[in-house]
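Here's the structure, in structure tokens; my notes come after.
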Amino acid sequence: MTDDHSIPQNWAGYDETEHATWRALFARQHALLPGRAAPAFLEGLERLPIFGDGIPDFDTLNDVLGRATGWQIVAVPGLVPDAVFFRHLAARRFPATRSIRKPEAMDYLEAPDVFHDVFGHAPMLMLPVFADYMEAYGKGGLKALGLGALERLARVYWYTVEFGLVRLPEGLRIYGSGIVSSRAESLFCLDDASPNRIAFDLSRVLRTRYRIDDFQECYFAIDGFDALLELARIDFAPIYREVASLPDIGPGELIASDHVITRGTGAYHKAKL
Ligand code: HBI
Ligand code: FE
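Using my numbering, the first residue of the sequence shown is number 8, and each one after it goes up by one.
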């Protein structure tokens with residue numbers, strides 16, 4: 008391992024069980040996502056050499072990704088320290104976990120694996136505005152570390168890159184990697200009556216806690232991908248100061264200023280209390 012935590016992917020080192028796990032996950036999501044995922048995600052997916060016979064070789068992906076937006080995927084052993092993660096993103100490198108989940112745990116993940124990291128994240132990196140947004144997030148992350156604002160900035164990543172919805176003329180669509188890589192959440196986030204779906208608002212999101220252990224209680228929808236262009240350009244520092252004195256908002260809470268797209272029943276999470 009190097010000081011940027013990258014490792015060789017060692018594609019030849021995957022066994023047949025691992026490739027079969029990828030194929031099963033891929034087939035399931037590929038059948039589910041048309042009409043649910045944003046067209047930009049589906050187009051990114053189609054353009055990547057990811058339809059092969061198993062876990063993709065990062066070198067092959069990188070030829071296409073590099074030509075499209077200058078992004079590269081680098082293999083890492085798993086979660087890397089925040090500063091390392093941000094330095095990669097700021098240099099247009101996406102750290103992707105090398106390993107894949109076990110066949111007996113197809114749906115529940117404690118930490119990201121190569122299916123989440125590559126299937127979930129790489130297609131959106133083919134879209135220029137998204138590619139620029141991710142680089143800006145890396146740079147913003149390094150700044151946030153210096154300002155002690157990481158917890159707040161991480162909420163923006165969570166509610167956009169990981170669990171974002173986008174409002175398109177044809178309806179709400181998924182672009183968040185945590186959703187597109189999960190069968191159950193791809194259904195829940197759009198079709199279930201339980202979660203709130205709210206128009207994205209930066210200072211609101213900076214105040215909103217999130218769940219890491221279950222489906223989200225609310226999803227934020229951006230108004231088209233050009234909204235990310237603006238998010239990539241603005242300086243968050245004054246907004247951190249603006250929200251510093253305001254209370255956090257719970258994952259299932261609504262506030263008066265919310266532009267609610269669908270008000271959830273909360274039934275899913277209430278049933279678990
Ligand atoms: N490391 N490999 C990897 N992948 C991530 O998504 C990741 C990480 N380290 C830190 C991190 N994410 C988050 O804590 C930041 O977005 C705040
Ligand atoms: Fe992720």
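Note that the Cβ used here is the ideal one computed from N, Cα and C, for glycine as well.
Identify the continuous beta strand (DSSP E) that holds residue i and give its terminal residues.
i	result
G51	Looking at the DSSP string, G51 is not in any beta strand (DSSP E); the run it does join, the alpha helix (DSSP H), is 46-54.
F227	225-229
L160	Here L160 belongs to no beta strand (DSSP E); instead the alpha helix (DSSP H) covers 157-164.
A206	203-206
V168	First-last for V168: undefined, no H or E at that position.
L179	178-181
I268	267-269
Could you tell me if residue i is buried or exposed, where buried requires 16 or more neighbouring beta carbons within 10 angstroms of its beta carbon?
i	result
P110	exposed
N17	exposed
D120	buried
E224	buried
R240	exposed
E53	exposed
G178	exposed
I57	buried
V267	exposed
A47	buried
P130	buried
Y115	exposed
A112	exposed
P63	buried
A278	exposed
D124	buried
A191	exposed
I186	buried
G271	buried
G5	It is not possible to answer for residue 5, since the shown part of the chain is limited to 8 through 280.
Run the proximity test for residue i: is its beta-carbon closer than 7 Å to any non-hydrogen atom belonging to the ligand HBI?
i	result
P15	no
F227	no
Y217	no
D22	no
V87	yes
F243	no
A156	no
A161	yes
V212	no
P102	yes
F65	no
F92	yes
V81	no
Y164	yes
Can you tell me where the alpha helix (DSSP H) with residue i in it begins and where it stops?
i	result
G153	135-154
I246	244-250
A239	233-240
I186	184-187
V173	Taken as a continuous stretch (DSSP letters only), V173 belongs to no alpha helix (DSSP H), being part of the beta strand (DSSP E) at 172-175.
Y217	Per DSSP, Y217 belongs to no alpha helix (DSSP H) and is neither H nor E.
S193	190-198
A274	274-277
Return yes when the C-beta of residue i is under 7 Å from any heavy atom of the ligand FE, and no when it is not.
i	result
D124	yes
P119	yes
D252	Note that residue 252 is Ser in the sequence shown, not Asp. The answer is no for S252.
S189	no
H12	no
H128	yes
S106	no
S193	no
G51	no
G185	yes
E142	no
E25	no
E177	no
E169	yes
Original post:
Taking only runs of the alpha helix (DSSP H) that begin and end inside the segment 12-90, which ones reach a length of at least 4 residues, in chain order?
Top reply: 23-39, 46-54, 65-76
**OP:** Could you tell me which uninterrupted beta strand (DSSP E) segments, each at least 3 residues in length, are contained entirely in the segment 93-138, listed from first to last along the chain?
**Re:** 100-104
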